[in-house]
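Residue numbers (my numbering): 76 to 167. One structure is given below, encoded as structure tokens.
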């Protein structure tokens, strides 16, 4: 029985392992490559020369605008609990 509990606990902890810095860097590079693939042609059509700082800034601005638009349309949930005039509310 103890072995089963120890095995379950170790499996749960293994699932919570944080990625290494190299894995995080690879993930960020993948996200940047996706942004370039999606927004790069649009920035070129707007007149920015590829592989310049202004072009990169355009890509980041378009990505930020899309992210803000996406997250601002998501419904917010507010929960309040308490009694006698003392309430704790949280929104997410």
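Glycine residues also receive a C-beta, built at the ideal position from the N, C-alpha and C atoms.
Same chain, Cβ closer than 7 angstroms to residue i, five either side skipped, listed in chain order
| i | result |
| --- | --- |
| residue 110 | 134 and 138 |
| residue 157 | 163 |
Unbroken beta strand (DSSP E) run spanning residue i, endpoints
| i | result |
| --- | --- |
| residue 157 | 153-158 |
| residue 176 | Residue numbering for the chain in the displayed model covers 76 to 167; residue 176 lies beyond these limits and cannot be assessed. |
Outcome for residue i when other beta-carbon atoms lying within 10 angstroms are tallied against a minimum of 16
| i | result |
| --- | --- |
| residue 155 | exposed |
| residue 115 | buried |
Where the alpha helix (DSSP H) containing residue i begins and where it ends
| i | result |
| --- | --- |
| residue 96 | 96-120 |
| residue 124 | Premise fails: residue 124 is in no alpha helix (DSSP H) and is neither H nor E. |
Residues near residue i in its chain [Cβ-Cβ closer than 8 angstroms; skip 5 each side]
| i | result |
| --- | --- |
| residue 102 | 94 |
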